[in-house]
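Trainee: Next up is a structure, given as structure tokens.
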Amino acid sequence: MNNQIVTLQQLVELLYLDLGQNKDMNGYKIFEQHVKSVIEKHKEFSFKIEDGIPCVFGSINLIDEFGTIEDTYQIEIKAVENYPYSFPLVFETGGQIPKNFDWHIFEQTGNCCIASPPEEIIICNNGLTLLSFIDNQVKNYFYSQIFRNQNGYFLKERSHGNKGWIEFFEETFITDNIFNIEFGLNQIIEGKKIDRVSICFCGSGKKYRKCHKKSYDILSKLSLDQVKFFLYTLRETNEYRLAKRNLMR
Numbered sequence: 010m011n012n013q014i015v016t017l018q019q020l021v022e023l024l025y026l027d028l029g030q031n032k033d034m035n036g037y038k039i040f041e042q043h044v045k046s047v048i049e050k051h052k053e054f055s056f057k058i059e060d061g062i063p064c065v066f067g068s069i070n071l072i073d074e075f076g077t078i079e080d081t082y083q084i085e086i087k088a089v090e091n092y093p094y095s096f097p098l099v100f101e102t103g104g105q106i107p108k109n110f111d112w113h114i115f116e117q118t119g120n121c122c123i124a125s126p127p128e129e130i131i132i133c134n135n136g137l138t139l140l141s142f143i144d145n146q147v148k149n150y151f152y153s154q155i156f157r158n159q160n161g162y163f164l165k166e167r168s169h170g171n172k173g174w175i176e177f178f179e180e181t182f183i184t185d186n187i188f189n190i191e192f193g194l195n196q197i198i199e200g201k202k203i204d205r206v207s208i209c210f211c212g213s214g215k216k217y218r219k220c221h222k223k224s225y226d227i228l229s230k231l232s233l234d235q236v237k238f239f240l241y242t243l244r245e246t247n248e249y250r251l252a253k254r255n256l257m258r
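Number 59 in the working numbering belongs to position 50 of the sequence shown; there are no gaps in the numbering.
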């Protein structure tokens, strides 16, 4: 996978059993079971099975701070086989969003890019519910689209591809030092418990509980293989290789 973008599908294939899903489970059936609560709350949604794949479709209303509808999008959400341990596919069907990656839509498949792969893995770690996915991840995605329409750019936009992974790690570890990120991931893999009142490993001089404990808590909820894969992915990025070369000069 050198010099390639690591996709969520590659990650899922490598970590399938670690995502907590038995391969014999039917993600489509679980999706169907979750549809009822969605339609009870969101009356504008309907259910269908298309080419054997269960879907919900309809309009999603986005409410502003004054309780009025700010915008409405027509969407379709399709089940995936490994649901609820990965996101279902979301499509904007009303033609309001250009179908290209700059608008966070995959050009080849047409589905929306809801979150970076590491974020998706963390959110799905214990399994999704369709209702929480719509009310949180899906709505946040379309609120971001409104912001871009109004301002010409996304708020807190993450880069595409492996650079987006780096930005996720930087945000989680609150540092742009790639070697601190590497060290933090290794700490989790080695299972080392850090005293919460000791000085943080990142060199900030702060106590660990006031610095990187939250980062550790977020990532330590994942399986060991998942964290190892995050570390592998970090080391495969051009950004890491460049930093390593600069360090050796």
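Every residue, glycine too, gets a C-beta built ideally from N, C-alpha and C.
1. According to DSSP, simplified to helix, strand and coil, what is Trp-47?
2. Could you tell me if the beta carbon of Val-89 falls within a distance shorter than 7 Å of some heavy atom in the ligand FAD?
3. Taking contact to mean at least 3 C-beta pairs separated by less than 8 Å, is the segment 44-54 in contact with the segment 66-83?
4. Roughly how many whole angstroms lie between the Cα atoms of Val-99 and Asn-134?
5. For Val-206, does the count of other Cβ atoms within 10 angstroms reach 16, so buried, or fall short, so exposed?
6. Give me the DSSP bridge partner(s) of Ile-106.
7. What residue does the beta strand (DSSP E) around Gln-117 start on, and which one ends it?
8. Go through the segment 184-254 residue by residue and report every complete run of the alpha helix (DSSP H) that reaches 4 residues or more, in order.
9. Let me check understanding here. Comparing Cα to Cα, which of Ile-197, Ile-86, Cys-220 lies closest to Leu-140?
10. On the DSSP letters alone, give me the boundaries of the beta strand (DSSP E) that Leu-98 sits inside.
11. How would you call Gln-154, buried or exposed, if buried means at least 16 neighbouring beta carbons within 10 angstroms?
12. In the structure shown, what three-state DSSP assignment does Gly-36 receive?
13. Between which two residues does the alpha helix (DSSP H) containing Gly-67 stretch?
14. Output the distance between the C-alpha atoms of Lys-148 and Phe-96, rounded to the nearest integer angstrom.
15. Return the chain-ordered list of same chain residues with a C-beta closer than 7 Å to the C-beta of Ser-229, the five sequence neighbours on each side being excluded.
16. Exposed or buried, which one is Gln-235 when buried takes at least 16 other CB atoms within 10 Å?
17. Please work out which residues of its chain come closer than 6 Å, Cβ to Cβ, to Cys-64, disregarding the five sequence neighbours upstream and downstream, and give them in chain order.
18. According to the Cβ coordinates, are Thr-118 and Trp-174 closer than 8 Å?
19. So, for Phe-156: in the same chain, excluding its five sequence neighbours on each side, which residues have a beta-carbon less than 7 Å away from its beta-carbon?
20. Looking at Thr-181: is its Cβ nearer than 8 Å to the Cβ of Cys-211?
21. Considering only the beta carbon of each residue, do His-169 and Phe-110 sit closer than 8 Å?
22. Starting from Tyr-162, follow the alpha helix (DSSP H) in both directions and report where the run begins and ends.
23. Secondary structure at Lys-57, three-state DSSP: helix, strand or coil?
Mentor: The structure says:
1. Against the sequence shown, residue 47 aligns to sequence position 38. Here residue 47 turns out to be Val, not Trp, going by the sequence shown. Looking at Val-47 - three-state DSSP - the assignment turns out to be helix.
2. What this structure holds is no ligand at all, so the ligand FAD is not there to describe.
3. Counting C-beta pairs closer than 8 Å gives three or more between the segment 44-54 and the segment 66-83, which meets the contact rule.
4. Position 90 of the sequence shown, counted from the start, is the residue given in the question as residue 99. Position 125 of the sequence shown, counted from the start, is the residue given in the question as residue 134. So the two alpha carbons sit approximately 19 Å from each other.
5. One-based indexing of the sequence shown puts residue 206 at position 197. With fewer than 16 Cβ atoms within 10 Å of its Cβ, Val-206 is classed as exposed.
6. Taking the first residue of the sequence shown as position 1, residue 106 is located at position 97. Note: Ile-106 sits in no beta bridge, so no partner.
7. Counted from its first residue, the sequence shown places residue 117 at position 108. Where Gln-117 is concerned, there is no enclosing beta strand (DSSP E), given that its DSSP letter is neither H nor E.
8. 187-198, 222-228, 233-245
9. As a first step, residue 140 is located in the sequence shown; it is residue number 131 there, counting from the start. Taking only the C-alpha atoms, the option nearest Leu-140 is Ile-86.
10. Within the sequence shown, residue 98 is the residue found at index 89, counting from 1. 98-101 is the extent of the beta strand (DSSP E) around Leu-98.
11. Position 145 of the sequence shown, counting from 1, holds the residue named residue 154. Gln-154 is buried by the Cβ-count criterion.
12. On the sequence shown, residue 36 is found 27 positions in, with the first residue counted as 1. Three-state result, Gly-36: helix.
13. Counted from its first residue, the sequence shown places residue 67 at position 58. Element bounds for Gly-67: not the alpha helix (DSSP H) but the beta strand (DSSP E), 62-72.
14. Mapped onto the sequence shown, residue 148 falls at position 139. Mapped onto the sequence shown, residue 96 falls at position 87. Computed Cα separation, rounded: 14 Å.
15. As a working mapping, residue 229 is identified with position 220 in the sequence shown. Contacts found: Ile-197.
16. Taking the sequence shown and counting its residues from 1, the one referred to as residue 235 is at position 226. Label assigned to Gln-235: buried.
17. As a working note, residue 64 is residue 55 in the sequence shown. Answer for Cys-64: Lys-57, Glu-85, Lys-87, listed in chain order.
18. Mapped onto the sequence shown, residue 118 falls at position 109. Mapped onto the sequence shown, residue 174 falls at position 165. For Thr-118 and Trp-174, no; Cβs fall outside 8 Å.
19. Working through the sequence shown from its first residue, we reach residue 156 at position 147. Same-chain partners within the cutoff: Phe-163, Leu-164.
20. Reading the sequence shown from its first residue, position 172 is the one you call residue 181. Reading the sequence shown from its first residue, position 202 is the one you call residue 211. No, they are not a contact pair.
21. On the sequence shown, residue 169 is found 160 positions in, with the first residue counted as 1. On the sequence shown, residue 110 is found 101 positions in, with the first residue counted as 1. Yes, the pair counts as a contact, with Cβ atoms nearer than the cut-off.
22. Within the sequence shown, the letter at position 153 stands for residue 162. Note, Tyr-162: premise wrong, no alpha helix (DSSP H); not H, not E.
23. By one-based count along the sequence shown, residue 57 stands at place 48. Lys-57 falls in the strand class under three-state DSSP.
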